[in-house]
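Okay, structure first, notes after.
Residue numbers (the numbering used here): 14 to 1072.
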């Protein structure tokens, strides 16, 4: 064995008259501990709740393992206090992980999209945050602190909140109560932000210590200032411009209206309708045929033009006719029609887009400021716009003094009377119509011309060159690699304008959205011009502040008097989102100079996003334009989390809920109550309640943060990515999470036993030299080598977390469990020298194993590490722990001892299969014809005996069994071993056969009962998916049991015949 100590020789050297007093003292001490520990009562009368005496922010006061609340793994007790201590001691920093205290230059290397403060975070959010946290806590030496930011979510959530505001306050947001509405929003926003921060704590996510004091959030003044600076920067580079478009407008609300708040009603003809703001019903469903005289016509020629909205005649800018219409051939050369209300000349324009010769009179009026079709046609013919309505729906000065200030629908009635009086109304007819109605107010929605600011996305960089860089030079690492093609396709869509949603010009301001910050754009109103055109970009300046806007206006309009008004429109949250990678990089810098910040920009190492969210693409283009660098070196695309019907989890669909309920558990009533606190309409709340009743009739069991983390991470596979299997995580039920909880419970018990084996007073000296080779048994070297293999495997498989977890589970169930059983023996029956060596080795194994586990299940890892280290010093944490094992030196010894391990495990498997356990008459013979293996058996005989002694009473190594007939044995050949287990006289074969046949019948009956339930009426529609999954698992379990029992019966019958 060389320098290895022969354990068998050491044991023989020890006297059989070992100090009995020492053993008695040890036993008395153990009995005293058990006596003083809290006594377990009947399970249904015992509370496992633990009243934690730890002051928040202080290091956790750890009760003894014998405490009833910590004897076994109870997640809510284990997870107490750790996060607040981590946060207070600033363990969430780069220096905590890599020992570099001067790392403020770039505090984060891992980025995820900022969290939407819509309500609670869902499992999809949890997955991305956990992956981000995994990489930070991982075995990489350069891990840096992840940054968490908040996105107020903009227009998408405003729609829902306005609905909530109406349901709660019975008020509709408008200009008169906007302040009250904003107060409602801020209260809701802050409440959700606190809820999300708490969710991060519950998940054990490493976050910046300034999360509450100085979070990166879109509504933070610092973030707003940086967005404005970058807005101005892009404008000055000619990449932002102003363009007019049509929006939906409620004149009752005096505000724009989202498409989601519009409903449509169809009327067949003349219909009276109540319209908010009017005392009497308004008539709709009428088409009016109106006279438009031809200017200077010698025959007093007239065009008859039909309209359903006579009040918009003031906005007419032209009359359209078709060039192929023979009726109007003579009007195609510089002719004009007269507006019947204003007497203005309207040019007659030839048009084939809007005019249908066969419909009506073939002449069409053009009023581009109030109709989307007219607006598009006017752009083609380059005619002027006339805005005739004020924001509140009253007529403005462009309609003339006699009409100015009149409500638009009151004006309709007056206009009809005026036209009749002037013989300009030919007739009126019923007309079927589809009318836009505001779902919140029942106001009739109109189109209104408004101008917005746009980003020239396509002009930011050469997209074709960027695609070439990604394809050929790997300027951006994409994980999994399969998604490179999808990213390139989306970039090509932008370049070629294939997809309208990826148009090269993206709108970056919003009129409807009232949450966020005002656009850094200012309208210059020259006092000499009473009718300044707000749609003309030349009348605007773009500046970082009001004072800067004045300076720029003076430069553009020298020696002219003017007023400055900031744009009422809000910067779109998507624009703020696509500046997030830049601003996150600037956030902790002391400089306010945008040019300096841009020049010092450093790319993040990773950006993590779901495969359902590609909104980050413009951020790549913006970053390349402003900094010349990619915003991140690696793009990691994660699976989407879906339900059992493979629908993306959504609160609107009613298939998702707050993941904290999986961590802490919740009753059905609490699940329902929580729905009332989030951004759901009452209809959606009811839908979710019904979904919860079906899926979680008994509520949700408590599983703990670490179990949820392990469950989600066990599906993540970036290296061997399979598009079919790895693109989504189908959350079928809670069973899989509960399975991970049981694994952690087993892990807890195994490590607990190992820690207790060390003894109360054991202290590992980190300052001492490595464990001396001559002090290690072959078994210890094997364990250190196997641990080293695990560490190296996990380091090499950070991108295949699924396989990493499987490897860890296999390690726990095989090598670690074997070593634990072995140490029980070595610490009990060895010399002091070996005992001390085994304790040190055990400590090293536990330290490094917990470091491997830490990125996956950080909270239980910290709890067990603190119990292992037994040091109350505040700065001692698993965050700063280092790998101390040197197992790479012992590969040869590990290979040698693995033969013993494999032999023992196979022997236990055979014994267990034939129910030979704790048998006083059990006998096993182990032999090998291989000389080297035979020597090894003799050398490690005591190890073999110690592990198998619980199963059999006699173990013979390299000894003959010639005095016993072979038919009385179960004989198995394993590698170069022969294993013989005595059957005759050890078990009653016929009795075992009968017992297993009864067991088989029982299991078959149980399987039949579950199958009957599954095949029952309404099973598919009325049974929750969670229960269905449990039943499927039961069937699989029964089938496996049946197969194993049949196999055992066959073997027993075979040996029964031989005997």
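Even for Gly, the Cβ is constructed at its ideal location relative to N, Cα and C. Source: prediction; values computed, not measured.
Counting only unbroken stretches of 3 or more residues, the beta strand (DSSP E) elements lying wholly within the stretch 860-946 are 936-940, in sequence order. Across the structure, residue 489 and residue 502 are spaced so that their CA atoms are roughly 15 Å apart. One alpha carbon belongs to residue 921, the other to residue 759, and they sit about 20 Å apart. Exposure of residue 564 is indicated by the presence of fewer than 16 other C-beta atoms within 10 angstroms of its C-beta. Collapsing the DSSP output to three states places residue 261 in a strand. Between residue 762 and residue 595, the alpha-carbon positions lie close to 46 Å from each other. Scanning its chain for C-beta atoms nearer than 8 Å, with the 5 sequence neighbours on each side dropped, one finds around residue 744 the residues 136, 654, 655, 656, 657 and 662, in chain order.
Judged by DSSP in its simplified three-state form, residue 331 adopts strand.
Here residue 245 carries a helix assignment [DSSP, helix/strand/coil]. For residue 661, the secondary structure class from DSSP, reduced to helix, strand or coil, is strand. Beta-bridge partners of residue 95 (DSSP): none assigned. A Cβ-Cβ separation of about 6 Å places residue 684 in contact with residue 674 under the 8 Å criterion. Distance from the CA of residue 377 to the CA of residue 319, rounded to the nearest whole angstrom, comes to 8 Å. In this chain, the beta strand (DSSP E) harbouring residue 744 covers 741-744. Taking C-beta atoms as the reference points, residue 688 and residue 240 fail to come closer than 8 Å. The beta carbon of residue 818 lies closer than 6 Å to those of 727 in the same chain, with the five residues before and after it left out. Boundaries for residue 80: no beta strand (DSSP E) harbours it, and the DSSP string shows neither H nor E there. The beta carbons of residue 866 and residue 139 sit no closer together than 8 Å.
Taking each of 103, 311, 834 and 87 in turn and checking the Cα distance to residue 888, the smallest one comes out for 103. In terms of Cβ geometry, residue 825 and residue 900 do not form a close pair [threshold 8 Å]. In this structure, residue 361 lies near residue 350, with their beta-carbon atoms less than 8 Å apart. Our two residues, residue 267 and residue 128, have alpha carbons roughly 32 Å apart in a direct line. Taken through DSSP and simplified to helix, strand or coil, residue 446 comes out as strand. Residue pairing by DSSP puts residue 360 in a beta bridge opposite 349. In this structure, residue 289 lies near residue 456, with their beta-carbon atoms less than 8 Å apart. Distance from the CA of residue 639 to the CA of residue 603, rounded to the nearest whole angstrom, comes to 20 Å. Contact annotation: the stretch 434-444 touches the stretch 296-312, with at least three C-beta pairs closer than 8 Å.
The beta carbon of residue 718 sits closer than 8 Å to the beta carbons of 88, 92, 215, 216, 217, 676 and 872 from its chain, once the five residues preceding and following it are set aside; these are given in chain order.
Counting along the chain, the unbroken beta strand (DSSP E) around residue 622 starts and ends at 617-623. A residue is called buried once 16 or more other Cβ atoms fall within 10 Å of its Cβ, and residue 414, having fewer, is exposed. Taking 8 Å as the cut-off, the Cβ atoms of residue 936 and residue 999 count as close.
Here residue 613 carries a coil assignment [DSSP, helix/strand/coil]. The Cβ atoms of residue 847 and residue 913 do not sit closer than 8 Å to each other.
For residue 305, DSSP records a beta bridge to 316.
Shortest Cα-Cα distance from residue 646 to any of 75, 67 and 122 involves 122.
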